[in-house]
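Trainee: The structure that follows is given in the form of structure tokens.
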Amino acid sequence: MSPVRSEPAEIVTEMSGVNPRKCMRCGKCSATCPSFSKIDIPPHRFVMMVENGEIEALLSSQLLWKCLSCFACVERCPRGVEPSKLVEAVRLLQIRGQGKNYRTPDDVPQFVEADEEIPQQLITSTLRKYSK
Amino acid sequence: MLKIGVFVCWCGSNIAGTVDVKAVVEAVKAEPGVVFSTDYQYMCSEGGQSAIRQAIKEYELGGVVICACSPRMHETTFRKAAEAAGLNPYMVEIANIREHCSWIHKDKEEATEKAVVLCRAAIAKLNLNKPLFPGESGVVKRALVIGGGIAGIQTALDIADAGYEVDIVEKSPTIGGRMAQLDKTFPTLDCAACILTPKMVEAAAHEKIRLFTYSEVEEVSGYVGSFRVKIRQKARSVNRELCNGCGECIVKCPSKTASNAFDEGLSKRSAIYIPFAQAVPNLPVIDREACLRFQTGKCGLCEIACSAKAIDYEQEDETITEEYGAIVLATGYRPMSLDRYDEFQYSQSPDVLTSLEFERILNASGPTGGSLLRLSNGEKPKSIVFIQCVGSRSDDGCGKSYCSKICCMYTAKQAMLVKDKYPDIDVTVFYIDVRTPGKNFDEFYRRAAEAYGVRYVKGMVGKVAEWKGRLQVQAVDLLEDKQLLIDADMVVLAAAIEPDPGARKIGAMLAVNMDQNDFFTEAHPKLRPVESPTAGVFLSGMCQGPKDIPETVAQAGAAAVKVLGLLSKDKLVGNPCVAISDETLCNGCSSCEALCPYDAITFEEKQVMVQGRRETRRVAMVNETMCQGCGACTVACPSGAMDLKGFTNRQIMAEVDAICR
């Protein structure tokens, strides 16, 4: 069997195990998101963009690095869509796109603005992801 | 040898387009017993039926095979045609060469071959058919309605007005149900009590209706036309003959700390109480859990206060057994518990309410006497936020998968009522979709937005937090892509509705199926929407699925008509295709009894002749009225004693043999 290269959107849904079609556009994820004021793409729109296959735009999104991975959206989504898992998958896609599956803590700051008020959760969750 | 006639239908081009019907007619001529075969364009037409009748007479046929559509479509038609020509209707067999053949094949040769095989199988079965004669059973001309809300009341009134006796069994101390708790009703805004209480009074005064309030159905046996139902009337501790409903006992009762269910727990009531002013019957009941006399042995003030000497602390539950021909389930609904929706502060803040609680606050007989006040501090709110779809349309394991259907409209109504009385209060409704299919419904919702200035925001609320004595609502406006922070004084949650939990027990007693959400299942979702799959049991109101008051009343009437259709019969004709047990083969294992979904099989000790000797054995007996002919027992029986008339094991084997020939 010859290897078939999947579409980026398929890779994202496969990696995350999330079916973005379950979203009913209620917006509870965006209503819940504590980083809402800091992000360019609100979580509900992020889910819609994955569904529409607009992964290219998401790869350069600020949201990837501003998401706190607090999982409030996962917790409260009435449809079980789990938006932050999609964010994580796109984040991984971005990293892999640079030819790397592995990151050291030294690499982290280039993705986040040098800011002393970076939430601790973000650093922890970023390291967790990078240490795979 | 049975003389058999075969009739092959074209069904226009439905069959003839794919099956060579002439070839089928020729191919089956040599089958055992076949003395006549023909084809016709539409067998179900009058011409087709008369061809069957003529052939039966002319060729003295003992059985006919019709190769046509599914027996679900026209089996009755053809049986009647055969019966008109003097044939036993159960000597008609259908070979389904449309749904099972022409519709699913493209290749004419293959389809024709299959049609021949199906017809051959039907002929083989028919050769073993025996004339069957349906049994008859009587009908008790009375109906039971379980549940005394608007659905149950309406069904009972419609049955009683047609002249049949009806009993209503209601578990709470009064009839009226949820509708009695409501303030106004959409879309006309008439007061719920004003339109409901006349019906309650009418039901109570109707000479054909008996009310069993504060009562529960405990046991049901029997079958369609003849149910035996045991009803437990719980002790009210008040003598209904003596009590004159003056209410002096309630005034004197010193224990006033019990939660008032009529106000959804927002107020307290005394231990002896009448649920609400217009309750029917106007008869108090002592809540023994809350009564000082029952809990401590001290008190007895109500007995002293009662000039009619109606208080009876010794009263005990009474059980009566009644017979009914039909049973209607009208067990209703309740708002689901919001324990798992902590983000809305429901269990923390007294100012976060369900819609039904808010309804009580709007109501003049409610905990605030109809004044719109915050329960935390008794002040008038400046801003109210309504949140829709709380627990509805969920797929997260906490809520309900379905749309509760009534919330969009009652939220618009409540928002409108607030704005009408207090135009200065800011009212915001967060919605996912506004669903208003119904006569004058969308106009009603638009009126709330346009004429009353209710602010509708498409989006959901993420969380509610108490902040400086108010409620901070964090939400999203999806059309503006903005996160909103609103300071509110009250938050109203449109909690999903769910079937009353008591329905499960009653459903089990009556062997009525429930769906995954505990709503009763109808016999057919489109064509038999008010009948349960169990003969003689009908469905009325919310217990079958979410519906508003107009729909409930319409369905209640439909259920009544079905009941009347049953009660107006003197005899019920049964289905003769029922199970039969061969007592010489039955080993008494009870496999069939445990499996039977209709409780139609019992066992008894019986004298049986086995190889010329008389023996006492435990053998299965089938109640032919209760048996629905599903055949589950014939499959389960390890000794081959169970058989199904009209579908015997031998007949099925003969069909298989004919197919494999």
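As you go down the protein sequences, you meet chains P and L in turn. Using this note's numbering, read the first sequence as starting at -3 and increasing by one per residue. Using this note's numbering, read the second sequence as starting at 450 and increasing by one per residue. Virtual Cβ for every residue (Gly too), placed ideally from N, Cα, C.
Does the beta carbon of M909 (chain L) come closer than 8 Å to any beta carbon on chain P?
Mentor: Taking the second sequence and counting its residues from 1, one reaches residue 909 (chain L) at position 460. Judged by the 8 Å Cβ criterion, M909 (chain L) is in contact with chain P.
Trainee: Can you give me the Cβ contacts of V700 (chain L) inside the same chain, cut-off strictly under 8 Å, excluding the 5 residues immediately before and after it?
Mentor: Start at 1 with the first residue of the second sequence, and residue 700 (chain L) comes out as number 251. So the qualifying residues of the chain are A754.
Trainee: Does L976 (chain L) pass the burial test, meaning 16 or more other C-beta atoms within 10 Å, or should it be called exposed?
Mentor: Working through the second sequence from its first residue, we reach residue 976 (chain L) at position 527. L976 (chain L) comes out exposed.
Trainee: Shortest alpha-carbon distance to V484 (chain L) belongs to which of L:L510, L:N463 and L:G461?
Mentor: Reading the second sequence from its first residue, position 35 is the one you call residue 484 (chain L). Nearest option by C-alpha distance: L:L510.
Trainee: Compare the C-beta of S80 (chain P) with all C-beta atoms of chain L and state if any pair is closer than 8 Å.
Mentor: Counting from 1 along the first sequence, the entry for residue 80 (chain P) is found at position 84. Chain L contact via Cβ: absent.
Trainee: With burial defined as no fewer than 16 other Cβ atoms inside 10 Å of the residue's Cβ, what is the status of F582 (chain L): buried or exposed?
Mentor: Walking along the second sequence from the start, residue 582 (chain L) turns up at place 133. It counts as exposed.
Trainee: Would you say I881 (chain L) faces chain P, with C-beta separation under 8 Å as the test?
Mentor: In the second sequence, counting from the first residue as 1, residue 881 (chain L) sits at position 432. Answer yes: the Cβ-Cβ gap between I881 (chain L) and chain P drops below 8 Å somewhere.
Trainee: In or out: V666 (chain L) buried (at least 16 other Cβ within 10 Å) or exposed?
Mentor: Taking the second sequence and counting its residues from 1, the one referred to as residue 666 (chain L) is at position 217. When all chains shown are included, V666 (chain L) counts as buried.
Trainee: How many angstroms separate the CA atom of K506 (chain L) from the CA atom of A534 (chain L)?
Mentor: Looking up residue 506 (chain L) in the second sequence gives position 57. Looking up residue 534 (chain L) in the second sequence gives position 85. Each residue's Cα considered, the two are about 7 Å apart.
Trainee: I need the DSSP call for M(-3) (chain P), collapsed to helix, strand or coil.
Mentor: To locate residue -3 (chain P), count along the first sequence from 1; it is residue 1. Bear in mind that the predicted position of M(-3) (chain P) carries a pLDDT of just 42, short of 50, making it unreliable; the figure below should be weighed with that in mind. The answer is coil: DSSP assigns M(-3) (chain P) none of H, G, I, E or B.
Trainee: Would the region 948 to 956 of chain L count as touching the region 812 to 829 of chain L if we require 3 or more Cβ pairs under 8 Å?
Mentor: Too few Cβ pairs lie closer than 8 Å, so no.
Trainee: Tell me A775 (chain L)'s beta-bridge partners as DSSP assigns them.
Mentor: For the purposes of this step, residue 775 (chain L) is taken as residue 326 along the second sequence, with counting starting at 1. Answer by DSSP bridge pairing, in chain order: L:A592.
Trainee: Going by DSSP, what residue range makes up the beta strand (DSSP E) through N463 (chain L)?
Mentor: On the second sequence, residue 463 (chain L) is found 14 positions in, with the first residue counted as 1. Careful: N463 (chain L) lies outside any beta strand (DSSP E), inside the alpha helix (DSSP H) at S462 to A465.
Trainee: Are there 16 or more other CB atoms within 10 angstroms of the CB of N48 (chain P), so buried, or fewer, so exposed?
Mentor: Position 52 of the first sequence, counted from the start, is the residue given in the question as residue 48 (chain P). That one is exposed.
Trainee: Verify the CB distance criterion: does K18 (chain P) have a CB-CB separation below 8 Å to chain L?
Mentor: Residue 18 (chain P) sits at position 22 when you count from the first residue of the first sequence. With 8 Å as the cut-off, K18 (chain P) counts as an interface residue toward chain L.
Trainee: How many angstroms separate the CA atom of I599 (chain L) from the CA atom of L638 (chain L)?
Mentor: Along the second sequence, read from residue 1 onward, the residue named residue 599 (chain L) stands at position 150. Along the second sequence, read from residue 1 onward, the residue named residue 638 (chain L) stands at position 189. Roughly 17 Å separates the two Cα atoms.
Trainee: Any beta carbon from chain L within less than 8 Å of G93 (chain P)'s own beta carbon?
Mentor: Taking the first residue of the first sequence as 1, we reach residue 93 (chain P) at position 97. Judged by the 8 Å Cβ criterion, G93 (chain P) is not in contact with chain L.
Trainee: Determine the DSSP secondary structure at F879 (chain L), reduced to helix, strand or coil.
Mentor: For the purposes of this step, residue 879 (chain L) is taken as residue 430 along the second sequence, with counting starting at 1. DSSP places F879 (chain L) in strand when its eight states are reduced to three.
Trainee: Have a look at S798 (chain L) and E828 (chain L) and give me their C-alpha separation to the nearest angstrom.
Mentor: Within the second sequence, residue 798 (chain L) is the residue found at index 349, counting from 1. Within the second sequence, residue 828 (chain L) is the residue found at index 379, counting from 1. Each residue's Cα considered, the two are about 15 Å apart.
Trainee: So which of L:V673, L:L732, L:K574 and L:V1022 has the shortest CA-CA distance to V695 (chain L)?
Mentor: In the second sequence, the residue the question calls residue 695 (chain L) occupies position 246. It should be pointed out that residue 695 (chain L) corresponds to Cys in this sequence rather than to Val. Of the candidates L:V673, L:L732, L:K574 and L:V1022, the one whose C-alpha sits nearest the C-alpha of C695 (chain L) is L:L732.
Trainee: Could you pull the start and end residues of the alpha helix (DSSP H) that W916 (chain L) belongs to?
Mentor: Residue 916 (chain L) sits at position 467 when you count from the first residue of the second sequence. Per DSSP, W916 (chain L) belongs to no alpha helix (DSSP H); it is in the beta strand (DSSP E), V910 to W916.
Trainee: Give a yes or no on whether 8 Å exceeds the smallest Cβ distance from I7 (chain P) to chain L.
Mentor: Taking the first residue of the first sequence as position 1, residue 7 (chain P) is located at position 11. Cβ-Cβ to chain L under 8 Å: no for I7 (chain P).
Trainee: Just list the residues that DSSP pairs H655 (chain L) with in beta bridges.
Mentor: If you number the second sequence from 1, residue 655 (chain L) lands on position 206. DSSP output for H655 (chain L) lists no bridge partner at all.
Trainee: When you compare the CB positions of K705 (chain L) and S686 (chain L), do they come within less than 8 Å of one another, or not?
Mentor: Residue numbering aside, residue 705 (chain L) sits at position 256 when the second sequence is read from its first letter. Residue numbering aside, residue 686 (chain L) sits at position 237 when the second sequence is read from its first letter. Not a contact, by the Cβ cut-off of 8 Å.
Trainee: So, K1018 (chain L) versus E980 (chain L), is the Cβ gap smaller than 8 Å?
Mentor: Your numbering for residue 1018 (chain L) matches position 569 in the second sequence. Your numbering for residue 980 (chain L) matches position 531 in the second sequence. Not closer than 8 Å, so no.
Trainee: Is it a yes or a no for the region 68 to 81 of chain P touching the region 21 to 32 of chain P, going by three-plus beta-carbon pairs under 8 Å?
Mentor: With a cut-off of 8 Å, the region 21 to 32 of chain P and the region 68 to 81 of chain P count as touching, because enough Cβ pairs lie within range.
Trainee: Tell me whether the beta-carbon of G781 (chain L) lies closer than 8 Å to the beta-carbon of M991 (chain L).
Mentor: Working through the second sequence from its first residue, we reach residue 781 (chain L) at position 332. Working through the second sequence from its first residue, we reach residue 991 (chain L) at position 542. Taking 8 Å as the Cβ cut-off, G781 (chain L) and M991 (chain L) qualify as a contacting pair.
Trainee: So, do the region 512 to 525 of chain L and the region 536 to 549 of chain L have three or more beta carbon pairs nearer to each other than 8 Å?
Mentor: Enough Cβ pairs lie closer than 8 Å, so yes.
Trainee: Please check the pair V777 (chain L) and F987 (chain L), which I expect to be a contact at CB under 8 Å, by giving their CB distance rounded to whole angstroms.
Mentor: In the second sequence, the residue the question calls residue 777 (chain L) occupies position 328. In the second sequence, the residue the question calls residue 987 (chain L) occupies position 538. Correct: roughly 5 Å between the Cβ atoms.
Trainee: Taking the alpha carbon of G714 (chain L) as the reference point, which residue from L:E808, L:G1080, L:K831 and L:A1090 has its own alpha carbon closest?
Mentor: Counting from 1 along the second sequence, the entry for residue 714 (chain L) is found at position 265. Checking every option, the nearest Cα to that of G714 (chain L) belongs to L:E808.
Trainee: Count the other CB atoms, across all protein chains shown, that sit within 10 Å of the CB of T709 (chain L); report buried if there are 16 or more and exposed otherwise.
Mentor: Against the second sequence, residue 709 (chain L) aligns to sequence position 260. The sequence shown places Asn at residue 709 (chain L), not Thr. Buried, because 16 or more other Cβ atoms sit within 10 Å of the Cβ of N709 (chain L).
Trainee: Would you mind sorting V8 (chain P) into buried or exposed? The rule is 16 or more other CB atoms within 10 Å of its CB.
Mentor: What you label residue 8 (chain P) is simply residue 12 of the first sequence in a count that begins at 1. Buried, by the Cβ-count rule.
Trainee: Quick one: Cα of Q923 (chain L) to Cα of M785 (chain L), how far?
Mentor: Numbered from its first residue, the second sequence carries residue 923 (chain L) at position 474. Numbered from its first residue, the second sequence carries residue 785 (chain L) at position 336. Roughly 23 Å separates the two Cα atoms.
Trainee: On the criterion of 16 or more Cβ atoms from any shown chain inside 10 Å, does G596 (chain L) qualify as buried, or is it exposed?
Mentor: Within the second sequence, residue 596 (chain L) is the residue found at index 147, counting from 1. Buried, because 16 or more other Cβ atoms sit within 10 Å of the Cβ of G596 (chain L).
Trainee: From which residue to which residue does the alpha helix (DSSP H) around G1006 (chain L) run?
Mentor: Position 557 of the second sequence holds residue 1006 (chain L). That run of the alpha helix (DSSP H) goes I998 to L1016.
Trainee: In angstroms with no decimal places, state the Cα-to-Cα distance between A937 (chain L) and I874 (chain L).
Mentor: As a working note, residue 937 (chain L) is residue 488 in the second sequence. As a working note, residue 874 (chain L) is residue 425 in the second sequence. One C-alpha to the other measures close to 10 Å.
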